[in-house]
Amino acid sequence: MKRVNRLLVLILSLFLSGCTILEQSKYEILKDYKIDLLKAQNAADIELNRCQIDYVVDGDTFNCTLDSGSQIIVRMIGVDTPESVHTDSSRNTKEGKEASNFSKEYLAERVVYLEYDAEAEDIYGRTLAYVWLDLEAKEMYQYILLKEGYASLLTVEPNTKYLPLLEEYQAAAKENKVGFWGTGFFK
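Counting from 0, one number per residue, gives the positions in the sequence shown under numbering that gives the first Met the number 0.
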């Protein structure tokens, strides 16, 4: 019993001193990414479509297959990552490649849940959606991109359902100089 108590005291003191026993990958979902769906809207009103990600195009765009079998290209609402696959190669940046690699590692072969806003498609025919990763944990991928500093806020009316929450995540990343806010790429 004394051994267990000493071990608990050691673990607690390491925790309180800021040390970590296990190093976490930067791609793990942390608790502070979780939000309460009820803050934004009544959860019962949210309609989600399950989608299996087939291919991540870049930091804010991917191809996926809906349960119906339809294949779609999804452009995430509310965020913009630097360019990495633009047809004008002079617009592509190393930061774009970094954001793209982050999304590829994070989203590859995942099942996600799409939520639509007022406009369902952009001028290029891509599906516009909020991307929910885990329904029980209520994790939205846009929040992760903003919180990690891989994306900046992109507001296109009328798709502004989660704008106040997206603004909070960007403000925190900007204030703490996280990701591209810290490198000076985002200003």
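Glycine is no exception: its CB is placed at the ideal position from the N, C-alpha and C atoms. Please read all numbers here as calculations on a predicted model, not as lab measurements.
In this structure, the CA atom of residue 107 is about 15 Å from the CA atom of residue 144. Residue range 60-65 is occupied by the beta strand (DSSP E) that includes residue 62.
The C-beta separation of residue 99 from residue 58 comes to about 5 Å, placing the pair in contact by the 8 Å criterion. Between the C-alpha atoms of residue 165 and residue 127 there is a straight-line separation of about 16 Å. The beta-carbon distance between residue 148 and residue 111, rounded to whole angstroms, is 21 Å. This is too long to meet the 8 Å contact definition. Residue pairing from DSSP places residue 48 in a beta bridge opposite 113. Here residue 161 is buried: its Cβ has 16 or more other Cβ atoms, across all protein chains shown, within 10 Å. Counting of Cβ neighbours within 10 angstroms places residue 81 among the buried residues, the total reaching 16 or more. In this structure, the alpha-carbon of residue 134 lies about 10 Å from that of residue 47. Inclusion of residue 78 and residue 152 in the CB contact set at 8 Å is warranted, their separation being smaller than that value.
In the DSSP secondary-structure assignment, residue 78 is bridged to 152. Of the residues assessed, residue 94 falls on the buried side of the cut-off, its CB having 16 or more other CB atoms within 10 angstroms.
Taking C-beta atoms under 8 Å as the contact rule, residue 64 and residue 72 fail to qualify, at a distance of about 11 Å.
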